[in-house]
């Protein structure tokens, strides 16, 4: 069974601080996706990383995919209250996504 | 382009009853996947349909079933409901290529009493 472990589970920080969320897998996925989910909504895709060592930037968000394609991280610079939400990583397999349990982020104004 | 829609948004049932949830994918998408989300287990894959055929199934009991119609709309059925079936049920649609982006609906929140 392929598993994705996310850490930390919960994170509460002040506006303007930086943070990093980690996603570690017991096996290799063809690609890894990061989603953000807000209360009452479905997850929304932020980024897909495919190549080992890949780094992608989306404004204040930086995503890294490990060289072995088994781990990934999401770094947020100068967090804002609008970044509050549940961050999920998901590994893509044959016709399904395997999700981590998520990191619940609260950014306090 | 309209997003993924799910109906109903909220549902309350009692143990032993059955329930049917509906999902309409984005126009042109032929793949629909279903997931169960609970605080303890997170998002877990139920099954995926493509052109009316189930291509993949997660590790859930046979009480959970689904189907897809020729217009790509999908339904999910849970029979003999248990308290532990209380969850947010999400469906996602895509073109059907492995690893591509899946677009999620807002979910149906099911409460079993």
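Protein chains in written order, with my numbering: chain V, 1 to 109; chain E, 1001 to 1113.
A virtual CB, placed ideally from N, CA and C, is assigned to each residue, including glycine.
Since this is a predicted model, take the numbers as computed values, not measurements.
Flag this pair as yes or no: are the beta carbons of residue 1048 of chain E and residue 1031 of chain E separated by less than 8 angstroms?
yes
Would you identify the three-state DSSP class for residue 67 of chain V, choosing helix, strand or coil?
coil
Pick out whichever of E/1070, E/1055, E/1010 has its Cα sitting closest to the Cα of residue 93 of chain V.
E/1055
Could you tell me which chain E residues have their CB closer than 9 angstroms to the CB of residue 30 of chain V, listed as they occur along the chain?
1098, 1099
Mind checking whether residue 95 of chain V and residue 21 of chain V have CB atoms under 8 angstroms apart?
no
Could you tell me whether any Cβ in chain E is nearer than 8 angstroms to the Cβ of residue 45 of chain V?
It does: the Cβ of residue 45 of chain V has a partner Cβ on chain E nearer than 8 angstroms.
To be precise: take each residue of the stretch 86-100 of chain V, compare its Cβ to all Cβ atoms of chain E, and keep it if any distance is under 9 angstroms. Which residues remain?
88, 90, 92, 93, 94, 95, 96, 97, 98, 99, 100
Of the residues that make up the stretch 1037-1058 of chain E, which ones have a beta carbon closer than 8 angstroms to any beta carbon in chain V?
The stretch 1037-1058 of chain E vs chain V, Cβ under 8 angstroms: 1041, 1042, 1043, 1044, 1045, 1048, 1050, 1055, 1056, 1058.
According to DSSP, is residue 85 of chain V part of a helix, a strand, or is it coil?
Correct three-state label for residue 85 of chain V: strand.
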